[in-house]
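Asker:
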Amino acid sequence: MNYNKKTVRDIDVKGKKVLLRCDFNVPQDKATGAITDDKRIRAALPTIQYLLDQGAAVIACSHLGKPKNGPEAAFSLAPVAKRLGELLGRDVVMAADVVGEDARSKAAALQPGQILLLENTRFEKGETKNDPELAKAMAGLAEVYVSDAFGAVHRAHASTAGVAAYLPAVSGFLIQKELEIMGGALANPKRPLVAILGGSKVSSKIGVINHLLDIADTIIIGGGMAYTFAKAQGGSVGTSLLESDWLDYCNDMIAKAKEKGVKLLLPEDTQCAKEFSADAEPVLHGSMSIPDDMMGMDIGPKTIAAYTAAVQDAGTVIWNGPMGVFEFPNFAEGTRAIAKALAATDAITIIGGGDSAAAVAQMGFADKMTHISTGGGASLEFLEGKELPGVACLLDQ
Ligand code: ADP
Ligand code: MG
8 MNYNKKTVRD
18 IDVKGKKVLL
28 RCDFNVPQDK
38 ATGAITDDKR
48 IRAALPTIQY
58 LLDQGAAVIA
68 CSHLGKPKNG
78 PEAAFSLAPV
88 AKRLGELLGR
98 DVVMAADVVG
108 EDARSKAAAL
118 QPGQILLLEN
128 TRFEKGETKN
138 DPELAKAMAG
148 LAEVYVSDAF
158 GAVHRAHAST
168 AGVAAYLPAV
178 SGFLIQKELE
188 IMGGALANPK
198 RPLVAILGGS
208 KVSSKIGVIN
218 HLLDIADTII
228 IGGGMAYTFA
238 KAQGGSVGTS
248 LLESDWLDYC
258 NDMIAKAKEK
268 GVKLLLPEDT
278 QCAKEFSADA
288 EPVLHGSMSI
298 PDDMMGMDIG
308 PKTIAAYTAA
318 VQDAGTVIWN
328 GPMGVFEFPN
338 FAEGTRAIAK
348 ALAATDAITI
358 IGGGDSAAAV
368 AQMGFADKMT
378 HISTGGGASL
388 EFLEGKELPG
398 VACLLDQ
């Protein structure tokens, strides 16, 4: 996949109407509808501000939640328009629909330096079906398409991909950064490339393991998926998370790594618990000999030492998935130690995955990382080496 795409800096937007796909899918309070975290709105500001400063008229759009049957007040983007206006310090005009009468007349009247927000793109049934009629109608509102919704680029929807068939299409700054850093690390990494893979299940990370085995120099396994590897190698894992259907797969991956000369590191010791609980007392056991009545919850100190050493001389580190049940302070040490090691290296450090990003932020290391990918599902598919429709549709450099 080509990650070298044109950006807003490569085209002239002065005096033009720009359709800007944002990721305004913000969390909201169920009862009041109040936005509980405006991070995604703030993340969109640099691209919006740049376009306005260049003299463009910005027609922003996004989906919000999962409305099933057309327009529904609970999924309106009106609260986002209000917050966006506060952050920009200027009026944001809100359209009552996506490509209807109101959106069309407001888009037509929009002047350079002004911003209009369309209603939730999923109020149109054609959105998730990537209906060409809808894409054409959206394109008809503007002269240029800019995509900055990295969180949605793995979906081929009308507003994330379809519309690019009818307008010159480039990336905003958020997508540009994802492509530059994540794309760069996957396509042409500064070596050695170390991939740290954890989280709960092997089965949810198959695509990532497969792809990274092809490009990494070292693969480090932690989290819940480690027990399926341990069991596959003849270990006892007690009541730990185990995916019996994936035992052969784990052995195949170990063999494939050996064949390719990729170092594959598995935990030596494991912090265990009698039950899955925040109050459970950590007990240390060898990773191949977890007692029948205990479950693995985190990597142990020997493993932490080996893993942090493996990270030390890395050129690039890609981390997806926590090393243990970091939500419980008693079992957060492995994840914290890895985060700390990444914060201390000179390597390019990339965090992909929602829970890993949350762990790094919660532990106070977020600003020490080169890049924390903003799209959960999108970053996973990126790491799988899949073609992302919302990226593929943009103009090549
Ligand atoms: P990401 O969102 O970063 O891709 P995942 O969603 O794959 O990560 O996994 C995160 C979850 O994995 C966390 O909720 C964490 O508690 C869980 N996890 C990590 N280690 C274990 C373990 N040993 N046993 C059970 N769950 C685990
Ligand atoms: Mg997750």
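357 is the number that my numbering gives to position 350 of the sequence shown; each next residue is one higher, with no gaps.
Just so you know, even glycine gets a beta-carbon here, dropped at the ideal spot from N, CA and C.
Of all the alpha helix (DSSP H) runs that stay within the bounds of the region 223-261, which reach a length of 4 or more residues?
Answerer: 232-239
Asker: Return the CA-CA distance between Y314 and E388, expressed in angstroms with no decimal places.
Answerer: Computed Cα separation, rounded: 25 angstroms.
Asker: Measuring CA to CA, which of Y256, G179, S251 is closest to I216?
Answerer: Y256
Asker: Does A67 come out as helix, strand or coil in the three-state DSSP assignment?
Answerer: strand
Asker: Hey, which unbroken runs of the beta strand (DSSP E) at 3 residues or more fall wholly within the region 256-335?
Answerer: 270-272, 276-280, 290-293, 302-306, 323-327
Asker: Name the residue from A316, F283, A312, D320 whose alpha carbon lies nearest to the alpha carbon of G303.
Answerer: F283
Asker: Could you have a look at S154 and say whether DSSP puts it in helix, strand or coil?
Answerer: strand
Asker: Could you tell me if T39 is buried or exposed, where buried requires 16 or more neighbouring beta carbons within 10 angstroms of its beta carbon?
Answerer: exposed
Asker: What is the DSSP secondary structure of H405, counted as helix, strand or coil?
Answerer: With the chain covering only 8 through 404, there is no way to say anything about residue 405.
Asker: Count the other CB atoms within 10 Å of the CB of T43; is the residue buried (16 or more) or exposed (fewer)?
Answerer: Label assigned to T43: exposed.
Asker: Taking the alpha carbon of D405 as the reference point, which residue from A168, P119, L123 has its own alpha carbon closest?
Answerer: Lying outside 8 to 404, the shown extent of the chain, residue 405 is not represented and no answer is given.
Asker: What is the DSSP secondary structure of L125, reduced to helix, strand or coil?
Answerer: coil
Asker: So is the beta-carbon of D362 under 6 angstroms away from any non-hydrogen atom of the ligand ADP?
Answerer: D362 Cβ: within cutoff of the ligand ADP.
Asker: Where are the alpha helix (DSSP H) runs, 4 residues long or more, that stay fully inside the region 14-38, in chain order?
Answerer: none
Asker: Within 6 angstroms: the Cβ of P308 and any heavy atom of the ligand ADP?
Answerer: no
Asker: Using C-beta distances below 6 angstroms, list every residue in its chain close to E131, excluding the 5 sequence neighbours before and after it, in chain order.
Answerer: So the qualifying residues of the chain are V105, L141.
Asker: Would a C-beta distance cut-off of 7 angstroms place G360 and I311 closer than the cut-off?
Answerer: no
Asker: For D305, does the count of other Cβ atoms within 10 angstroms reach 16, so buried, or fall short, so exposed?
Answerer: With 16 or more Cβ atoms within 10 Å of its Cβ, D305 is classed as buried.
Asker: Whole angstroms is fine: what's the gap from D138's alpha carbon to G331's?
Answerer: If I take the Cα positions, the gap works out to 42 angstroms.
Asker: Given A368, which residues of its chain have a CB within under 8 angstroms of its CB, disregarding the five upstream and five downstream residues?
Answerer: I379
Asker: On the DSSP letters alone, give me the boundaries of the alpha helix (DSSP H) that V99 sits inside.
Answerer: No alpha helix (DSSP H) holds V99; the beta strand (DSSP E) holding it covers 99-101.
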